[in-house]
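Below is one structure, written out as structure tokens; the observations come after it.
There are 2 protein chains.
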Amino acid sequence: MPVPRDSRAIGVFDSGLGGLTAVRELCRALPGESIVYFGDTARLPYGTKSRDTVTRFSLEIATFLVRRNIKCLLVACNTASSYALESLERRLEVPVVGVIEPAARAAVAQSLHGRIGVLGTPATVASRAYPDAIAKLAPGASVISSACPLFVPLIEEGWIDHPVLREIATEYLIEVRAARLESLILGCTHYPLIAPLLHDLLGEGVQLVDSGAEAARATALLLRERGQLAAGPARHQFFLSDERIHFQRIAESFLGHELPAITVVDQTDLPWFERPMAIRESGA
Amino acid sequence: MPVPRDSRAIGVFDSGLGGLTAVRELCRALPGESIVYFGDTARLPYGTKSRDTVTRFSLEIATFLVRRNIKCLLVACNTASSYALESLERRLEVPVVGVIEPAARAAVAQSLHGRIGVLGTPATVASRAYPDAIAKLAPGASVISSACPLFVPLIEEGWIDHPVLREIATEYLIEVRAARLESLILGCTHYPLIAPLLHDLLGEGVQLVDSGAEAARATALLLRERGQLAAGPARHQFFLSDERIHFQRIAESFLGHELPAITVVDQTDLPWFERPMAIRESGA
Numbered sequence: 000m001p002v003p004r005d006s007r008a009i010g011v012f013d014s015g016l017g018g019l020t021a022v023r024e025l026c027r028a029l030p031g032e033s034i035v036y037f038g039d040t041a042r043l044p045y046g047t048k049s050r051d052t053v054t055r056f057s058l059e060i061a062t063f064l065v066r067r068n069i070k071c072l073l074v075a076c077n078t079a080s081s082y083a084l085e086s087l088e089r090r091l092e093v094p095v096v097g098v099i100e101p102a103a104r105a106a107v108a109q110s111l112h113g114r115i116g117v118l119g120t121p122a123t124v125a126s127r128a129y130p131d132a133i134a135k136l137a138p139g140a141s142v143i144s145s146a147c148p149l150f151v152p153l154i155e156e157g158w159i160d161h162p163v164l165r166e167i168a169t170e171y172l173i174e175v176r177a178a179r180l181e182s183l184i185l186g187c188t189h190y191p192l193i194a195p196l197l198h199d200l201l202g203e204g205v206q207l208v209d210s211g212a213e214a215a216r217a218t219a220l221l222l223r224e225r226g227q228l229a230a231g232p233a234r235h236q237f238f239l240s241d242e243r244i245h246f247q248r249i250a251e252s253f254l255g256h257e258l259p260a261i262t263v264v265d266q267t268d269l270p271w272f273e274r275p276m277a278i279r280e281s282g283a
Numbered sequence: 000m001p002v003p004r005d006s007r008a009i010g011v012f013d014s015g016l017g018g019l020t021a022v023r024e025l026c027r028a029l030p031g032e033s034i035v036y037f038g039d040t041a042r043l044p045y046g047t048k049s050r051d052t053v054t055r056f057s058l059e060i061a062t063f064l065v066r067r068n069i070k071c072l073l074v075a076c077n078t079a080s081s082y083a084l085e086s087l088e089r090r091l092e093v094p095v096v097g098v099i100e101p102a103a104r105a106a107v108a109q110s111l112h113g114r115i116g117v118l119g120t121p122a123t124v125a126s127r128a129y130p131d132a133i134a135k136l137a138p139g140a141s142v143i144s145s146a147c148p149l150f151v152p153l154i155e156e157g158w159i160d161h162p163v164l165r166e167i168a169t170e171y172l173i174e175v176r177a178a179r180l181e182s183l184i185l186g187c188t189h190y191p192l193i194a195p196l197l198h199d200l201l202g203e204g205v206q207l208v209d210s211g212a213e214a215a216r217a218t219a220l221l222l223r224e225r226g227q228l229a230a231g232p233a234r235h236q237f238f239l240s241d242e243r244i245h246f247q248r249i250a251e252s253f254l255g256h257e258l259p260a261i262t263v264v265d266q267t268d269l270p271w272f273e274r275p276m277a278i279r280e281s282g283a
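Quick note, the sequences are listed as chains A and B, same order.
Residues in the first sequence are numbered from 0 upward in steps of one, following numbering that gives the first Met the number 0.
Residues in the second sequence are numbered from 0 upward in steps of one, following numbering that gives the first Met the number 0.
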């Protein structure tokens with residue numbers, strides 16, 4: 000009997016380019032799968048914005064991807080996963096995988112005494128999504144969270160080896176380093192790019208959990224269980240809502256190899272950019 | 000004969016809260032004027048985004064403000080002034096004042112030998128709006144520009160007195176300090192908050208030009224010339240497109256006093272957020 004196949008693409012979205020770390024992991028685990036990626040570069044970052052706004056942006060992007068006939072949606076953005084996952088699950092017919100539960104599960108598995116740290120954006124930390132997910136999996140675990148709002152701009156500027164980043168990280172990690180952690184969740188898709196620095200500050204005994212990679216593995220598992228794997232050939236499509244300064248450098252640092260062609264979506268292509276002639280109506 | 004009066008409000012917009020420095024200056028110069036302010040906190044920052052996207056956002060916000068019956072528009076955002084001013088002037092019937100020309104004029108007036116520096120976002124610097132404006136006013140002037148992408152996130156995080164800010168500023172200012180400047184344009188509404196640090200690094204001989212304050216003065220002059228000043232009482236309205244973490248602290252640091260009530264605009268209130276049922280149409 001032939002194995003069931005589903006040649007539809009996997010949808011992946013992020014506020015920007017950080018979600019390409021999850022794409023890299025997907026390509027590694029499932030080389031036959033096609034991917035449709037959306038990065039909301041016109042409105043990034045999400046990590047300092049409110050639950051309502053992040054949920055609205057996420058629903059708009061999910062709509063865009065669902066119309067491209069995806070078989071499941073990977074929400075690579077930690078902030079969107081923290082704030083919008085339930086809304087997405089409620090609205091979409093395809094299964095939705097966020098980063099929170101897979102990363103929490105990996106952290107719990109690597110923490111014998113349940114001492115877990117979380118680094119994230121202000122929004123992800125404020126949402127308490129990680130502590131809540133960990134409490135469900137390991138009720139006795141203790142979780143220390145630290146919001147690291149300056150990591151994303153520093154990484155996007157390419158200051159990964161700059162001494163200033165180490166100074167800022169040292170400050171953000173004060174409580175986390177005092178907590179004798181067993182594992183630390185990198186609760187933002189940008190943070191794996193500074194994993195060497197974090198290892199250096201925390202010591203090799205602390206396991207770093209890459210939330211994007213864990214979500215990619217969870218997606219692979221889900222598709223295998225549902226008999227929805229594709230047989231290839233893989234065809235990837237990348238959409239951004241704005242051109243990006245330093246785009247190629249940033250994208251390649253996340254993806255680890257040269258990026259295929261990108262489409263910057265025109266506003267008229269997008270459900271969420273269609274407006275009933277707002278400008279013309281103004282009389283201005 | 001009575002002096003002509005125009006009680007309509009002055010519209011002011013910025014990508015976020017930085018434009019409140021211009022509002023402060025307007026209130027000082029023209030205490031009888033009403034102001035309608037819009038801060039695009041859902042989509043900030045603008046300074047790393049493209050000309051097309053910044054122009055589109057600016058037109059949408061201008062439309063929102065024009066519908067609130069403003070008599071002129073002050074574009075407090077340097078990035079929007081650099082990229083979108085011509086489009087706004089072409090589309091709007093009310094006069095539009097940007098920050099570039101007023102700040103360039105002030106810098107030229109304070110630079111006997113025409114040695115002028117500009118600090119700005121990557122977009123403002125890439126646009127060459129300041130060098131072009133200065134060249135028109137003082138063809139022999141020499142202009143040194145430096146993009147300072149990390150200033151805005153550091154200032155928004157309140158790290159104004161943090162040693163890391165000084166380190167980063169020292170790096171950004173290397174060329175500017177070597178140029179024996181007479182004046183330096185603070186080409187972003189956030190930068191006046193770090194004026195003491197910049198003074199310290201550059202020496203008191205360099206005149207700092209506050210672009211938002213200069214634009215506010217140009218607006219006052221324009222209204223006076225057109226006989227469109229208001230007699231009071233002033234009624235201010237503040238709109239944001241998203242709630243903002245640390246909002247009150249940031250707003251008060253810009254405005255210098257407690258902020259009046261804020262309206263976070265609902266998407267259905269806004270021309271530019273109206274979409275023809277994108278989510279429902281998706282079948283998801």
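Using N, Cα and C, we set each Cβ at its ideal position, and we do this for glycine too.
- Query: Do the segment 128 to 136 of chain B and the segment 93 to 110 of chain B touch if we need at least three Cβ pairs shorter than 8 Å?
  - Reply: yes
- Task: May I have a chain-ordered list of the alpha helix (DSSP H) segments no shorter than 4 residues that lie completely inside the segment 131 to 193 of chain B?
- Result: 150 to 155, 162 to 171, 173 to 177
- Using the C-alpha atoms, what's the distance from B:D5 back to A:L118? 53 Å
- Should the segment 15 to 26 of chain B be called in touch with the segment 120 to 129 of chain B, which here means at least 3 C-beta pairs below 8 Å? no
- Query: Residues in its own chain within less than 6 Å of B:L180 by CB, not counting five upstream and five downstream?
  - Reply: R114, G116, V205
- Among B:I154, B:I143, B:C187, B:H189, which one has its Cα closest to the Cα of B:L172? B:I143
- Query: Buried or exposed: which applies to A:E257, given that a residue is buried once 16 or more other Cβ atoms fall within 10 Å of its Cβ?
  - Reply: exposed
- Item | Contacts of A:R42 in chain B (Cβ-Cβ under 8 Å) | A41, R42
- Query: Closer than 7 Å, Cβ to any Cβ of chain B: which residues of the segment 26 to 56 of chain A, in chain order?
  - Reply: A41, R42, T47, K48, S49, T52, R55
- Task: Using DSSP bridges, identify the partner residues of A:T52.
- Result: None, per the DSSP bridge assignment.
- Message: Comparing C-alpha positions only, which one of A:R42, A:R225, A:L72 sits nearest to A:V35?
- Response: A:L72
- Item | Other residues of its chain near A:L183: CB distance less than 6 Å, five sequence neighbours each side excluded | G116, V205, L207
- For the beta strand (DSSP E) that B:A8 lies in, which residues bound it at each end? 8 to 13
- Contact check, A:G186 vs A:N68, beta carbons under 7 Å: no
- Short CB-CB distance (under 7 Å) between A:P191 and chain B: no
- Query: Does B:I159 have its Cβ less than 7 Å from a Cβ in chain A?
  - Reply: no
- Does any C-beta atom of chain A lie closer than 7 Å to the C-beta of B:P148? yes
- Task: Using alpha carbons as the reference points, say which of A:S141, A:V107, A:I193 lies closest to A:A178.
- Result: A:S141
- Task: Determine which residues of the segment 86 to 101 of chain A have a Cβ less than 7 Å from any Cβ of chain B, and write them out in chain order.
- Result: R90, L91, E92
- In this structure, does DSSP put B:G116 in helix, strand or coil? strand
- Task: Work out the CA separation of B:T40 and B:L220 for me, nearest whole Å.
- Result: 29 Å
- Message: I'd like to know whether the C-beta atoms of B:L197 and B:G38 end up nearer to each other than 7 Å.
- Response: no
- Are there 16 or more other CB atoms within 10 angstroms of the CB of B:H189, so buried, or fewer, so exposed? buried
- Task: Report buried or exposed for A:L111, applying the criterion of at least 16 other Cβ atoms within 10 angstroms of its Cβ.
- Result: exposed
- Message: In chain order, what are the residue ranges of uninterrupted alpha helix (DSSP H) at least 4 long that sit wholly in the segment 19 to 91 of chain A?
- Response: 19 to 28, 50 to 65, 77 to 90
- CB contact below 7 Å: B:I60 versus chain A: no
- Query: In chain order, what residues of the segment 59 to 84 of chain A put their CB closer than 9 Å to some CB of chain B?
  - Reply: E59, A61, T62, F63, V65, R66
- Item | Interfacial residues, the segment 190 to 213 of chain B to chain A, with Cβ spacing under 9 Å | none
- Applying the criterion that 16 or more other CB atoms from any shown protein chain within 10 Å of the CB defines a buried residue, is A:Q227 buried or exposed? buried
- Residues of chain B with a CB under 8 Å from the CB of A:E156: which are they? P148, L149
- Query: Does DSSP put A:Q206 in a helix, in a strand, or in coil?
  - Reply: strand
- Beta-carbon spacing of A:V107, A:L136 below 7 Å: yes
- Message: Using the three-state DSSP reduction, which class does B:L16 fall into: helix, strand or coil?
- Response: coil
- Item | CB contact flag (B:G15, B:A75, <7 Å) | no
- Cβ contact check for the segment 53 to 60 of chain B and the segment 150 to 169 of chain B: 3 or more pairs under 8 Å: no
- Message: Determine, for A:E174, whether the minimum Cβ-Cβ distance to residues of chain B falls below 7 Å.
- Response: no
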